[in-house]
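Read in numbering that gives the first Met the number 0, the sequence shown has 87 at position 88, and its numbers run on one by one without any break. Positions of the beta carbon are idealized from the N, C-alpha and C atoms, including for glycine. Each remark here refers to the structure printed beneath this line.
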Amino acid sequence: MIHGTCGRAFSKSPCMKDGYCTKYYPKTFSSTTVIDDSGYPSYRIRDAGDRNQYCNKSNAIKYLFKYVNKGLDRVAIGVSKEASSGEDAQVIDEIKQFYDCRYLSACEAIWRTLTYDIHQRWPSVMRLTFHLPREQNIIFKYDDDLEEIVKEEKGKHTTFLAWMEANKKFEASQALTYAEFPNQFVYDREAREWHPRKRGYSIGRLNYVPSGTGDIYYMRILLAIQRSCTIYESITIRTVNGITYSSFQYACYFMGLLCDDRKFITVINEVVELASGHQLRKLFAMLLISNSISKPERVWNAKWTLLDGILYERRKALKN
Ligand SMILES: [Zn+2]
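Written as structure tokens, this is what we have:
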């Protein structure tokens, strides 16, 4: 990256505002690259007329993916008659807009021409299903005999039921939550059983359940922490400190999992690694609008520094 020439003697330079360079050049010499708490780098600049800068940190990954395919900035502009209301109102053709504005940069075009991978995923992720008692999904063809199906499926395990079975059998499994289970166990689809894992690695994710669905939503919250569950009720999902509660929701409540907004903080922590600042701020706004956080200011105070961009904007505004 090249910057300059600017400073007092070059006040007409586009980066100059009120007598200062808006990009804070020239920067002070520094023998090492320093990355501050928020991940903002102050690059090494040696005092030898050498202005090469090198910076490396694993969470620069967002920038890597952004710039590799970015290409030049482009704008598509159309000139049309002013839209009026009523029947003549302008029709927006989103498909046409997509074709007109679609733009592959040279690097992206080459990358795709040579059929390089656009992305890869590691480690493998296993989506884990779960269900309330006798509410598992069963897949069948439209002309199958339903009675036969029910007879056939009776007593057969789902991944979830098989997990509870495995908890009875294997000591090692009792230290794991359902989501942690695929780290150390493999699911055999034929036998519908979990077996201790011999090699490899996989992480588990509980399927998403919207908060309005009631009992199963609360069961999901409990599944994220409960271990060594063997049946729906006892030693298990609905049991907290030896007391079995009449519903999953009560169990959640008595564990202090409701009303303290911990899950929202967890969500933000999870998303922060992947999402841009803009997406994170949008997520927070969505949480506010959906009125699901009980104490928004508490979540905000705990997490606002992660919604990156805010600090940057303030620094820019304060010339700090
Ligand atoms: Zn400048």
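Relative to the C-alpha of residue i, which residue among the options is closest?
i      : options                           : result
Pro209 : Thr158, Tyr217 and Gly203         : Tyr217
Pro195 : Glu189, Arg204 and Asn182         : Asn182
His277 : Ala174, Tyr311, Arg101 and Ser201 : Tyr311
Thr304 : Leu279, Ser289 and Leu317         : Leu279
Lys315 : Tyr39, Ile34, Ser10 and Ser12     : Tyr39
Met163 : Tyr231, Leu273 and Cys5           : Tyr231
Ile202 : Phe180, Leu273, Pro25 and Ala190  : Phe180
Gly255 : Asn240, Val266 and Glu269         : Asn240
Ile91  : Met15, Gly77 and Asp116           : Gly77
Val271 : Tyr141, Ser104, Tyr244 and Lys302 : Lys302
Thr31  : Lys22, Thr21, Pro25 and Asp46     : Asp46
Thr392 : Tyr42, Glu170, Trp193 and Ile109  : Look at the range of the chain in this structure, 0 to 319, and you will see that residue 392 is not part of it.
Asn166 : Ser227, Phe184, Ser291 and Asn206 : Ser227
Gln248 : Gly199, Leu221, Asp260 and Arg261 : Leu221
Pro132 : Arg237, Pro122 and Tyr186         : Arg237
Ser291 : Thr229, Ile34, Asp260 and Ser41   : Asp260
Thr128 : Tyr207, Lys318, Glu189 and Leu257 : Tyr207
Gly199 : Tyr186, Arg191 and Ala190         : Tyr186
Lys168 : Thr229, Ala108, Asp143 and Thr112 : Thr229
Mark residue i as exposed unless 16 or more other C-beta atoms lie within 10 angstroms of its C-beta, in which case mark it buried.
i      : result
Met285 : exposed
Ser172 : buried
Arg120 : exposed
Thr212 : exposed
Gly154 : exposed
Cys5   : buried
Leu306 : buried
Gln96  : exposed
Phe9   : exposed
Arg204 : exposed
Cys106 : exposed
Asn136 : exposed
Tyr115 : exposed
Arg7   : exposed
Ala174 : exposed
Val74  : exposed
Arg219 : buried
Cys100 : exposed
Ala161 : buried
Val33  : exposed
Tyr177 : buried
Val149 : exposed
Val124 : exposed
Ile242 : exposed
What is the DSSP secondary structure of residue i, counted as helix, strand or coil?
i      : result
Phe184 : strand
Val208 : coil
Arg101 : coil
Ser172 : helix
Met320 : Given a span of 0 to 319 for the chain in the structure shown, any question on residue 320 remains unanswerable.
Cys20  : strand
Val239 : strand
His277 : helix
Arg50  : Low confidence applies here, because Arg50 scores a pLDDT of 49, under 50, leaving its location unreliable and the question unanswered by this model.
Trp110 : helix
Pro122 : coil
Met179 : For the sequence presented, residue 179 should be read as Glu rather than Met. Residue state, collapsed to three classes: coil.
Ile34  : strand
Pro25  : coil
Pro132 : coil
Ile44  : strand
Glu189 : coil
Leu256 : coil
Ser233 : Residue confidence is low: Ser233 scores 49 on pLDDT, short of 50, so the model does not pin down where it sits. Its coordinate-derived value is still stated next. Coil, per DSSP.
Ile117 : coil
Leu160 : helix
Leu222 : helix
Tyr94  : Per the sequence presented here, residue 94 reads as Ile, with Tyr not at that position. In this structure, Ile94 counts as helix in the three-state DSSP scheme.
Leu322 : For residue 322 there is no data in the structure shown, the boundaries of the chain being 0 and 319.
Lys287 : The sequence shown places Leu at residue 287, not Lys. DSSP places Leu287 in helix when its eight states are reduced to three.
Asn317 : With the sequence shown as reference, residue 317 is identified as Leu, and Asn is not the correct amino acid for it. Leu317 falls in the coil class under three-state DSSP.
Ile202 : strand
Tyr127 : According to the sequence provided, residue 127 is Leu. The question's Tyr does not apply to it. Leu127: strand per DSSP, three-state reduction.
Trp303 : helix
Residues whose Cβ lies closer than 7 Å to any heavy atom of ligand 1, in chain order: His2, Gly3, Cys5, Ser12, Cys14, Met15, Cys20, Thr21, Lys22 and Tyr24
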